[in-house]
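J.:
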Amino acid sequence: MSRHRTGQFCRRYLAWPVLMLLLVATGCEGGQKGKPQTKIQGADKMITYAIGRFAIDIPAEMKLDHQGQTFRYTEIDEVVWPADVPREKAREAEWESRLVKIKKLRPPRGKDRIVLETRDLPALGAWAKAVLYYNSDASSQEGDWEVLVDTGSSGVRLRYNGLLTAKEEMLGWVIGIAKAYQSRPTGQLQPRGNWFYTPSGGVDLPFLEQESVAARFSGHPLGLKFEIQTNEIHRVEDKGHNLLGRLAAVLATGYNAGVGVEKIRTGKRTVAGLAGEEIITRLDDQGEKQLSFMWRYAGEPDSGERPEVLIEMEAENGKLQEKMKVWDAVLDTMKPMYR
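The sequence shown begins at 214 in our numbering and counts up one residue at a time.
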């Protein structure tokens with residue numbers, strides 16, 4: 214299906230050198246309730262979150278600020294119906310609100326409208342709607358199919374971009390993913406299947422092409438912030454471009470005038486069966502110190518089970534041993550969901 218696309222969804226990489234650890238704050242509030250809780254060495258209560266094709270335990274005090282994902286080039290977002298509004302009214306209000314926002318977009322030159330068509334999709338159940346619209350004012354050749362499906366206690370929105378000459382095949386692509394999606398109102402994990410997990414649901418399909426997910430957590434009493442990313446890659450990483458190699462290059466050439474870098478712990482570390490690399494450093498920018506934790510697995514080309522994985526923890530200086538215990542506890546819980 215990707216042959217109909219003229220571009221790829223943007224993949225956000227951290228700018229190298231690796232010590233520029235800036236977590237981008239985007240998206241909306243979210244969370245998972247009813248998760249199984251565990252207690253492990255170095256941390257108190259932990260809550261299990263399923264993220265893409267992996268699961269990881271996060272301290273219970275923290276909340277999921279945002280999780281975004283694309284699956285087979287399709288963006289997936291979930292909508293929680295308000296508890297004090299009848300579901301029938303809530304879904305219609307959500308749909309109308311989205312149409313209003315789309316209609317405010319600027320159409321391509323020579324076109325007098327942004328929306329090309331809307332449809333009901335009975336193949337997806339009692340209530341599902343779709344809209345096709347130009348996704349950019351720069352081209353009249355591309356468009357987005359956006360689908361909203363009522364899945365019960367919540368809804369799911371899927372968006373796919375491609376050439377308008379293949380609009381029916383594009384819609385069929387999205388419908389196929391929507392049919393494989395299931396909500397998880399109590400947050401339970403599925404015992405079997407080929408699940409790619411979203412915050413409140415998941416898609417039961419095996420890896421085919423292009424999967425990515427990014428989740429951000431905050432709210433720890435120690436001021437910790439976590440970010441977890443997975444991305445499909447398409448080629449083997451060049452020699453010397455791994456995490457430790459880049460850090461060595463930074464230290465050898467000098468990071469930045471006035472910025473000191475203290476290595477606390479670096480080396481190889483296996484997480485979830487993936488042989489990655491870990492770097493823990495303390496940065497000193499003219500007396501302002503910050504702790505930086507990072508673990509990365511470079512990934513295998515065209516693999517959903519072994520994608521590039523990046524886990525970061527941001528923290529202010531101080532209470533290093535306590536923060537390292539939390540870091541180790543979180544990494545030690547990560548596991549694949551495809552076994």
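Note that CB positions come from ideal geometry on N, CA and C, so glycine has one too. From a predicted model like this one, the values you see are computed outputs, not experimental measurements.
Near E535, which residues of its chain fall below 8 Å by C-beta distance, leaving aside the five closest residues on each side in sequence?
T.: As a first step, residue 535 must be located in the sequence shown, where it is residue number 322. Result list for E535: L435, in chain order.
J.: If you reduce the DSSP assignment to three classes, tell me which class P434 lands in.
T.: Numbered from its first residue, the sequence shown carries residue 434 at position 221. DSSP places P434 in coil when its eight states are reduced to three.
J.: Can you list, in chain order, the residues of its chain whose CB lies under 8 Å from that of R319, leaving out five sequence neighbours each side?
T.: Locating residue 319 in the sequence shown gives position 106, counting from the first residue. For R319, where only same-chain residues beyond five positions count, the Cβ hits under 8 Å are I327, D350.
J.: Would you kindly work out how many angstroms separate the C-alpha atoms of Q355 and L277, rounded to a whole number?
T.: Position 142 of the sequence shown, counting from 1, holds the residue named residue 355. Position 64 of the sequence shown, counting from 1, holds the residue named residue 277. Reading the sequence as shown, one finds Glu at residue 355 and not Gln. In a straight line, the C-alpha of E355 is about 34 Å away from that of L277.
J.: Can you tell me which of E521, L523, L533 puts its alpha carbon nearest to the alpha carbon of K502?
T.: For the purposes of this step, residue 502 is identified with residue 289 of the sequence shown, where counting begins at 1. Of E521, L523, L533, the residue nearest in Cα terms is L533.
J.: In its own chain, which residues sit with a C-beta less than 8 Å from the C-beta of Y346, not counting the 5 before and 5 after it?
T.: Within the sequence shown, numbered from 1, the residue matching residue 346 stands at position 133. Closer than 8 Å at Cβ, skipping near neighbours: I315, L318, I327, V328, L329, G356, D357, E359.
J.: Would a C-beta distance cut-off of 9 Å place P549 and R266 closer than the cut-off?
T.: If you number the sequence shown from 1, residue 549 lands on position 336. If you number the sequence shown from 1, residue 266 lands on position 53. Cβ atoms of P549 and R266: closer than 9 Å.
J.: When burial is assigned at 16 or more other CB atoms within 10 Å of the CB, is A511 buried or exposed?
T.: Taking the first residue of the sequence shown as 1, we reach residue 511 at position 298. Per the 10 Å Cβ criterion, buried.
J.: At what residues does the alpha helix (DSSP H) containing E381 begin and finish?
T.: One-based indexing of the sequence shown puts residue 381 at position 168. Start and end: 380-393.
J.: Cβ atoms of G473 and D497: under 9 Å apart, would you say?
T.: Position 284 of the sequence shown, counted from the start, is the residue given in the question as residue 497. Position 260 of the sequence shown, counted from the start, is the residue given in the question as residue 473. Yes, the Cβ-Cβ distance between D497 and G473 is below 9 Å.
J.: For the beta strand (DSSP E) holding D515, just list the boundary residues, first then last.
T.: As a position in the sequence shown, residue 515 is number 302, starting the count at 1. D515 -> no beta strand (DSSP E), and no H or E assigned at all.
J.: Say whether the segment 387-397 touches the segment 407-421, bearing in mind that this needs 3 or more beta-carbon pairs closer than 8 Å, one atom from each stretch.
T.: Yes: at least three Cβ pairs fall under 8 Å.
J.: Run through the DSSP bridge pairs and tell me what H447 is partnered with.
T.: In the sequence shown, the residue the question calls residue 447 occupies position 234. Its beta-bridge partners do not exist; DSSP assigns none.
J.: For S505, count the other beta carbons within 10 Å of its own beta carbon; 16 or more makes it buried, fewer makes it exposed. Which is it?
T.: Taking the first residue of the sequence shown as position 1, residue 505 is located at position 292. Buried is the call here.
J.: In the DSSP assignment, find the unbroken alpha helix (DSSP H) run with K316 in it and report its ends.
T.: Residue mapping note: residue 316 aligns to position 103 of the sequence shown, counting from 1. Per DSSP, K316 belongs to the alpha helix (DSSP H) from 300-316.
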